[in-house]
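Numbered according to the numbering used here, the sequence shown spans residues 72 to 213. Virtual Cβ for every residue (Gly too), placed ideally from N, Cα, C. Just so we're clear, the structure is a prediction, and the values are computed from it rather than from any experiment. The next block holds one structure in the form of structure tokens; read it before the comments.
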Amino acid sequence: MGYGVPAGIAANLVSGRIAFTIAGDGDFLMNGQELATASQHGGKSIIVLLNNGMFGTIRMHQEREYPNHVSGTALRNPDFCALARAYGYAAERVTATDQFEAALLRALAADTGTLIEIPLDPEVITTRGTLSGITQAALAQD
Ligand SMILES: Cc1ncc(C[n+]2csc(CCOP(=O)(O)OP(=O)(O)O)c2C)c(N)n1
Ligand SMILES: [Mg+2]
């Protein structure tokens, strides 16, 4: 966590190639200020930010081991698109799968870096199950 955003910016600045970073919301919050570095040095990274409003991986562990005992994993997030624009990045929010390709093409064509925010339902916690499904499975074991 906290690595992908600055690493992508550094990779872009060193190589001149567009860097593509996928970040969680908690992950982005650790080093998102490095967008200032990208803007300062004319860097361009494309960041896809998966925003589920929580430290989802940790919440998943909490539900599995201590169902319905949430502690410290909810996030009160900023407006990530507004934040990215404040640093000089372009930004857009993608809310449907069929919007993504056009957003990515705009990002590839842009002069600056771009943050693409994808709001995610917190229930969509893995490819194989839901958050409430994990909670119910844990409760059923007791
Ligand atoms: C520097 C660092 N601190 C803490 C952790 C432990 N950790 C693993 S996943 C996670 C939460 C990730 O949240 P987010 O980036 O929002 O992604 P999500 O799991 O919600 O998709 C944490 C705190 C870590 N991997 N690295
Ligand atoms: Mg998250």
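| Item | Value |
| --- | --- |
| Could you tell me which uninterrupted beta strand (DSSP E) segments, each at least 3 residues in length, are contained entirely in the region 89 to 122, listed from first to last along the chain? | 90 to 95, 116 to 122 |
| Helix, strand or coil: how does DSSP classify Ala161 here? | strand |
| Do the region 144 to 154 and the region 162 to 175 make contact, defined as three or more Cβ pairs closer than 8 Å? | yes |
| Output yes if chain D places a C-beta closer than 9 Å to the C-beta of Ser203; else output no. | Of the protein chains in this structure there is only one, and it is not chain D. |
| Classify Met72: buried if its beta carbon has 16 or more other beta carbons within 10 angstroms, exposed otherwise. | exposed |
| Given a threshold of 16 other Cβ atoms within 10 Å of its Cβ, counted over all protein chains shown, does Gly169 qualify as buried or as exposed? | The sequence as given places Asp at residue 169; Gly does not occur at that position. Exposed: under 16 other Cβ atoms inside 10 Å. |
| If we ignore side chains and look at the alpha-carbon of each, how far apart do Asn123 and Thr92 end up? | 17 Å |
| With a threshold of 16 other CB atoms inside 10 Å of the CB of Arg130, please say whether the residue is buried or exposed. | buried |
| If you draw a straight line from the alpha carbon of Arg156 to that of Arg177, how long is it in whole angstroms? | 15 Å |
| For Pro193 versus Met101, is the C-beta spacing smaller than 9 Å? | no |
| For the region 125 to 206, which segments carrying the alpha helix (DSSP H) assignment without a break, of at least 4 residues, lie completely within its bounds, in sequence order? | 127 to 136, 151 to 157, 168 to 180 |
| Does Gly73 come out as helix, strand or coil in the three-state DSSP assignment? | coil |
| Comparing the CB of Thr198 with every heavy atom of ligand 1, is any distance shorter than 8 Å? | no |
| Quick check: what's the CA-CA separation for Leu191 versus His112? | 32 Å |
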